[in-house]
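Chains as they are written, first to last, in my numbering: chain A, 1 to 111; chain B, 1 to 116. Just so you know, even glycine gets a beta-carbon here, dropped at the ideal spot from N, CA and C. None of these values were measured; they are calculated from a predicted model.
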C-alpha cells in the first residue's frame, strides 16, 4: 500500500543553519506530495505541495522537490530561525483527498 | 473565506465516560470532512471521513464513532472512553471532490483529550 517514511527526530540546529528533513514515499502511481507544519499547541498548516514529478513546492523559505526517480520529497531551508521550531509532517494523497502521513519530525532551533 | 472550528480545545475525561467533539466549517458547501488522531509521540492517523450528510467511512476499527448531521458539521463520539483514546484530535476539510488527490486539507486547531 501507499506509505510515507520520514527521518526520525528531533532535529536540533542553531539559528541560520541549513535544514534538510528527509521524506520518501511508496505509492503505486503518481501521488501528490505535501509538507505540513504543526507549531506547538496548534493544528496543522499546509507548508507546501507538489503534484507531479519535478515540481518544486516552496513557501516561507522552505523548498521541496518531487523526485520520482528516488521517490523522495525532502524538505530544505537555507537558514532556519527559532520561529521555525515545530513538527513537520510529510504526506501524500493518491486518487483521493485522504492524507497518508509520515510520523513527523520535530525541529528545534536554538539561538 | 472559509474557516474551520473545533471545540473544546482541551478536555479531561474519566475512563468510561462519553465523548462528543464537534467540528464545523464555514464559508463553503458540501465539504469533505475528516477526523484524525495524533497519539503521543506518534504520527497522524485518519479515523473517519465523510463526503456528505450521513455518509461516514471508518478507516480503523476503534471505540469511536462519527456523525455528520448537517452539511458542515462533523461530530466525533464515544459511549465509553478508554485510556487509549487519549490524544490530539484534529478535524480537517477539503472542497467537495471534483478533482481528487491534490487538494490540500485545512485543519482545525485540534482538541487535546486526556483520559484519567
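Beta carbon of residue i nearer than 8 angstroms to that of residue j
i: residue 128/B; j: residue 116/B; result: Lying before the first or after the last residue shown, residue 128/B is absent from chain B, which here runs from 1 to 116.
i: residue 26/A; j: residue 71/A; result: yes
i: residue 6/B; j: residue 23/B; result: yes
i: residue 75/B; j: residue 20/B; result: yes
i: residue 91/A; j: residue 99/A; result: yes
i: residue 85/B; j: residue 77/B; result: no
i: residue 89/A; j: residue 77/A; result: no
i: residue 66/B; j: residue 35/B; result: yes
Closest by C-alpha distance to residue i, when choosing among the options
i: residue 1/B; options: 21/B, 17/B, 10/B, 25/B; result: 25/B
i: residue 84/A; options: 94/A, 13/A, 8/A, 56/A; result: 13/A
i: residue 53/B; options: 32/B, 44/B, 106/B; result: 32/B
i: residue 50/A; options: 75/A, 38/A, 102/A; result: 75/A
i: residue 1/A; options: 109/A, 110/A, 107/A, 101/A; result: 101/A
i: residue 4/A; options: 96/A, 46/A, 35/A, 81/A; result: 35/A
Listed by chain order, chain A residues near residue i by CB distance under 7 angstroms
i: residue 103/B; result: 97
i: residue 3/B; result: What residue 3/B touches in chain A: nothing, since even the nearest Cβ is about 12 angstroms away.
Amino acids of chain A, ordered along the chain, whose beta-carbon sits closer than 8 angstroms to that of residue i
i: residue 74/B; result: Within 8 angstroms Cβ-Cβ: nothing; residue 74/B doesn't reach chain A, min ~14 angstroms.
i: residue 48/B; result: Result: empty, since nearest Cβ-Cβ is about 11 angstroms, beyond 8 angstroms.
i: residue 64/B; result: Those do not exist, as residue 64/B stays about 17 angstroms from chain A at its closest Cβ, beyond 8 angstroms.
Rounded distance between the beta-carbons of residue j and residue i, thought under 8 angstroms
i: residue 40/A; j: residue 93/A; result: With 8 angstroms as the limit, residue 40/A and residue 93/A do not qualify as a contact, their Cβ atoms being about 26 angstroms apart.
i: residue 43/A; j: residue 107/B; result: 4 angstroms
i: residue 65/A; j: residue 52/A; result: The pair is not a contact, with the Cβ atoms about 11 angstroms apart (cut-off 8 angstroms).
i: residue 113/B; j: residue 11/B; result: 5 angstroms
Listed by chain order, chain B residues near residue i by CB distance under 8 angstroms
i: residue 12/A; result: None at all; the shortest Cβ gap to chain B is about 17 angstroms.
Residue i CB to nearest heavy atom of the ligand HEM below 7 angstroms
i: residue 51/A; result: Here there are no bound small molecules, and the ligand HEM is not part of this structure.
With 16 other Cβ atoms within 10 Å as the buried cut-off, status of residue i
i: residue 60/A; result: exposed
i: residue 50/B; result: buried
Under 7 angstroms by beta carbon: chain B residues contacting residue i
i: residue 44/A; result: 90, 107
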